[in-house]
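I have placed the structure first, in the form of C-alpha cells, so that the comments after it can refer back to it.
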Amino acid sequence: MGRRRRRVIKIVKKKMPKVFLCPLCGEESIRITIKSPGLAEVQCGNKDCELHKNKEEFEIGPSEQMVDVYCKFVDKHSS
Ligand SMILES: [Zn+2]
Numbered sequence: 013m014g015r016r017r018r019r020v021i022k023i024v025k026k027k028m029p030k031v032f033l034c035p036l037c038g039e040e041s042i043r044i045t046i047k048s049p050g051l052a053e054v055q056c057g058n059k060d061c062e063l064h065k066n067k068e069e070f071e072i073g074p075s076e077q078m079v080d081v082y083c084k085f086v087d088k089h090s091s
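Using our numbering, you'd call the opening residue of the sequence shown number 13 and step up by one each time.
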C-alpha cells in the first residue's frame, strides 16, 4: 500500500523545507505557493525543466499543507 509514497512523506516531515525534489528533473527546486485558501501553485525552479514553464495549480482542503500538495504533485507525475 503505497510504500514508496510514504517514504517521501517521512523525509519531508522532519522539517518543512521550502523546496521539494522535482520528480521530473531530480533537482530540489519545486516551489509550492499557497495562492489562496483552497488553491496552491506548484512550479519547478530549474529553467531547463518542463515544469518551470508549466506551473500547476492544485485544489487543497482547509487542513492541507504544502507537503500534501507536493504529494499530489508527485503522484501525478510518477505514474
Ligand atoms: Zn524540475
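From the three backbone atoms N, C-alpha and C, an ideal C-beta is built for every residue, glycine too.
By the neighbour-count criterion, in which a residue is buried when 16 or more other Cβ atoms sit within 10 angstroms of its Cβ, Ser41 is buried.
Contact between Lys67 and Glu53 is confirmed by a C-beta separation of about 6 Å, below the 8 Å threshold. Fully contained in the segment 66-90 are the following alpha helix (DSSP H) runs of length 4 or more, in chain order: 78-90. Here Val31 is exposed, its C-beta having fewer than 16 other C-beta atoms within 10 Å. Judged by the Cβ position, Asn58 qualifies as a neighbour of ligand 1 at the 6 Å threshold, a heavy atom of the ligand being closer than this.
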